[in-house]
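Protein chains in written order, with the working numbering: chain A, 233 to 349; chain B, 359 to 477.
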């Protein structure tokens, strides 16, 4: 079965550089979530999109932006990178809850490991 | 805002034995979903089991079962016949239900419990 695809899997950037993370959801999934997991931490919700519109926003820095495109893939853009941005970034996809009366799963991608030096 | 607490940073179990991981949560909502995710060393997030709050019956998935106590806001995971492959970080997570009136479907995670399985 098709899974969530994230690229790149590993990314090394220097401070103050820019990074773009990509997420390709499972086919027919139109909802995408981004999570950030720092070393030894639990995943923290950043932002979500449903039908190409932002549906919810968490603790996402102003230096970060994201969007969902017409083919439902999503990109997380991170500028002015800081050492503290080093983390594992997960994308998850799902069908919208209303379609399944709330019974849906968030399927996680393998994550992108970002290292800022 | 909802919070999820896992009070056991680490647990260990002997292979073939049973272990229970604890999770408590705080919410003012009446309808929601609770999950246990497993994160092995590969860091992949794997859904282990799900519980709908409106269901009184505890969820089970093969060797994994939960003890859901809604009034106590407790959601523990029991792993029976533990296997070496069960060794991982386990996260308890909360999600609002669609009919709670909002669009807040994000997952809120606990800090995790690192499970070690001894041969």
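Think of the CB as a built atom: it goes at the ideal place given N, C-alpha and C, for glycine as much as any other residue. Bear in mind that the values here come from a model prediction, so they are computed numbers and not experimental data.
Residue i, DSSP secondary structure in three states
{"i": "residue 459 (chain B)", "result": "Legend: pLDDT at residue 459 (chain B) = 44, less than 50; position of this residue unreliable, value from coordinates given subsequently. The answer is coil: DSSP assigns residue 459 (chain B) none of H, G, I, E or B."}
{"i": "residue 472 (chain B)", "result": "strand"}
{"i": "residue 442 (chain B)", "result": "helix"}
{"i": "residue 317 (chain A)", "result": "helix"}
{"i": "residue 465 (chain B)", "result": "coil"}
{"i": "residue 396 (chain B)", "result": "strand"}
{"i": "residue 230 (chain A)", "result": "Outside the shown range of chain A (233 to 349) lies residue 230 (chain A), about which nothing can therefore be said."}
{"i": "residue 333 (chain A)", "result": "Note on residue 333 (chain A): pLDDT 49, under 50, position unreliable in the model; the coordinate value appears next. In the structure shown, residue 333 (chain A) sits in coil (DSSP, three-state: anything other than H, G, I, E or B)."}
{"i": "residue 339 (chain A)", "result": "strand"}
{"i": "residue 410 (chain B)", "result": "strand"}
{"i": "residue 376 (chain B)", "result": "coil"}
{"i": "residue 403 (chain B)", "result": "coil"}
{"i": "residue 425 (chain B)", "result": "strand"}
{"i": "residue 420 (chain B)", "result": "coil"}
{"i": "residue 371 (chain B)", "result": "strand"}
Residue from the options whose Cα sits closest to the Cα of residue i
{"i": "residue 282 (chain A)", "options": "A:265, A:252, A:344 and A:313", "result": "A:265"}
{"i": "residue 447 (chain B)", "options": "B:425, B:396 and B:407", "result": "B:396"}
{"i": "residue 383 (chain B)", "options": "B:369, B:453, B:400 and B:403", "result": "B:453"}
{"i": "residue 286 (chain A)", "options": "A:299, A:293, A:295 and A:277", "result": "A:299"}
{"i": "residue 258 (chain A)", "options": "A:303, A:292 and A:275", "result": "A:303"}
{"i": "residue 402 (chain B)", "options": "A:347, A:342, A:349 and A:348", "result": "A:342"}
{"i": "residue 391 (chain B)", "options": "B:477, B:472, B:407 and B:469", "result": "B:407"}
{"i": "residue 293 (chain A)", "options": "A:284, A:279, A:301 and A:239", "result": "A:279"}
{"i": "residue 237 (chain A)", "options": "A:288, A:308 and A:256", "result": "A:256"}
Integer Cβ distance of residue i from residue j, believed to fall under 8 angstroms
{"i": "residue 339 (chain A)", "j": "residue 235 (chain A)", "result": "7 angstroms"}
{"i": "residue 362 (chain B)", "j": "residue 455 (chain B)", "result": "The pair is not a contact, with the Cβ atoms about 16 angstroms apart (cut-off 8 angstroms)."}
{"i": "residue 261 (chain A)", "j": "residue 345 (chain A)", "result": "Contact flag wrong, Cβ pair sits at about 23 angstroms."}
{"i": "residue 474 (chain B)", "j": "residue 370 (chain B)", "result": "4 angstroms"}
{"i": "residue 434 (chain B)", "j": "residue 381 (chain B)", "result": "6 angstroms"}
{"i": "residue 273 (chain A)", "j": "residue 290 (chain A)", "result": "At roughly 14 angstroms, the Cβ-Cβ gap does not stay under 8 angstroms, so residue 273 (chain A) and residue 290 (chain A) are not in contact."}
Under 9 angstroms from the C-beta of residue i: neighbouring residues of chain A
{"i": "residue 465 (chain B)", "result": "265, 267, 275, 277, 324 and 338"}
{"i": "residue 473 (chain B)", "result": "Those do not exist, as residue 473 (chain B) stays about 15 angstroms from chain A at its closest Cβ, beyond 9 angstroms."}
{"i": "residue 405 (chain B)", "result": "337, 338, 339 and 340"}
8 angstroms Cβ cut-off: residues of chain A touching residue i
{"i": "residue 449 (chain B)", "result": "274 and 275"}
Under 7 angstroms from the C-beta of residue i: neighbouring residues of chain B
{"i": "residue 342 (chain A)", "result": "402"}
{"i": "residue 320 (chain A)", "result": "401"}
Partners in chain A for residue i, counting only beta-carbon separations shorter than 7 angstroms
{"i": "residue 305 (chain B)", "result": "What is shown of chain B runs 359 to 477, which leaves residue 305 (chain B) out entirely."}
{"i": "residue 468 (chain B)", "result": "274"}
heavy atom of the ligand SAH below 7 angstroms from residue i C-beta
{"i": "residue 360 (chain B)", "result": "For the structure depicted, the ligand SAH is absent and the ligand set is empty, with no information on it obtainable."}
Contact set between residue i and chain B, taken where Cβ atoms lie within less than 8 angstroms
{"i": "residue 280 (chain A)", "result": "463 and 464"}
Run through the stretch 236-288 of chain A for me and flag every whole beta strand (DSSP E) of 3 or more residues, listed as ranges in chain order. Every unbroken stretch of the beta strand (DSSP E) spanning 3 or more residues and falling wholly within the stretch 236-288 of chain A is given here in chain order: 237-239, 242-245, 251-256, 263-269 and 276-282.
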